[in-house]
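I have placed the structure first, in the form of structure tokens, so that the comments after it can refer back to it.
Given below as structure tokens:
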């Protein structure tokens, strides 16, 4: 087995983790594998699991995508301890839109940090940067990472990870052009609110983890989001037949994601067993995975 999950610094600290899908497309095999892996680690540790759905991207949210999250969790045979029971319960009581006052408070506090933020009007199609004021309508707020900023942290799967954040993400978005908080800051706020102590992610999100750890240290309100308190585990990515990482952006119009699998969830369990380097047969069922993991 390639890693050991244990609470950081305080052996008696309870493991708290989350499933954190986005309703921006149908969940693919990689999402399902992350769900099962997270569930196994939390249940083995006797911890608490939240369902946290990240729905700030309202332009891509579809009711069908939201419904597929709950259907996929049920299809996989998983449960969670806290979170919405279905799409309507989520929209009424758990949507990230309900936490916008808390996000906006952090944005106002970050604005006061000298030299941290700058306003940006550039886009993916137009990389031209024209200096504008932070109050300019339609401008995004970006966090300016000083050149040479390196973030290092212990990772439960990768070992010690070290990233040149100034090169990888020199000015990542904190507030989008529509004045809504962006993923990096919202994720920090949500994990602090839930008391998260274990974050299981694909290794493609290593730069995001580094950005969040660096950003969290800019305010006293968010310094608890740290590698001393939270254990990170970045697992290898699943790829398609051409070696590309699985992504919702690759989905075709008629693609319904992992729930299209005619064979049931066993391919997901088998993929998790391979990731965990478990014995043959461990991927036959969720129960077999639990027994093999110990």
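Numbering (the numbering used here), first residue to last: 1287 to 1580. For glycine and all other residues, C-beta sits at the position ideal for the given N, C-alpha and C. As the structure is a computational prediction, the values presented were derived from the model and not from experiment.
Contacts around residue i, its chain only, beta-carbon distance under 8 Å, and the 5 residues preceding and following it disregarded
i	result
residue 1545	1312, 1313, 1354, 1357, 1358, 1361
residue 1560	1569
residue 1343	1308, 1310
residue 1499	1437, 1439, 1511, 1512, 1513
Residue environment, residue i, which counts as buried when at least 16 other CB atoms sit within 10 Å
i	result
residue 1345	exposed
residue 1414	exposed
residue 1368	exposed
residue 1416	exposed
residue 1479	exposed
residue 1506	exposed
residue 1411	exposed
residue 1526	Confidence at residue 1526 is low in this model, with a pLDDT of 49, below 50, so the placement of that residue should be treated as unreliable; the coordinate-derived value is given next. Exposed, because fewer than 16 other Cβ atoms sit within 10 Å of the Cβ of residue 1526.
residue 1543	buried
residue 1580	exposed
residue 1387	exposed
residue 1341	buried
Rounded straight-line distance, which links the Cα of residue j to that of residue i
i	j	result
residue 1376	residue 1476	15 Å
residue 1553	residue 1569	8 Å
residue 1585	residue 1448	Residue 1585 lies beyond the stretch modelled for the chain, which goes from 1287 to 1580, so this question has no answer here.
residue 1431	residue 1335	33 Å
residue 1517	residue 1320	16 Å
residue 1306	residue 1521	15 Å
residue 1381	residue 1401	32 Å
residue 1557	residue 1373	28 Å
residue 1378	residue 1385	12 Å
residue 1245	residue 1301	Only positions 1287 to 1580 of the chain appear in this structure, which leaves residue 1245 out of reach.
residue 1422	residue 1457	18 Å
residue 1328	residue 1351	25 Å
residue 1463	residue 1395	19 Å
residue 1494	residue 1566	34 Å
residue 1550	residue 1573	15 Å
Candidates the options: closest to residue i by CA position
i	options	result
residue 1437	1443, 1452, 1423	1452
residue 1455	1423, 1463, 1339, 1433	1433
residue 1248	1442, 1463, 1578, 1391	Shown here, the chain extends from 1287 to 1580; a query on residue 1248 therefore has no answer.
residue 1465	1503, 1393, 1567, 1323	1393
residue 1575	1490, 1364, 1499	1364
residue 1318	1578, 1370, 1497, 1486	1486
residue 1429	1398, 1565, 1299	1398
Cβ shell of residue i (< 7 Å), same chain only, five flanking positions each side left out
i	result
residue 1389	1467, 1471, 1472, 1475
residue 1492	1447, 1449, 1520
residue 1482	1302, 1303, 1304, 1516
residue 1418	1405, 1407, 1425
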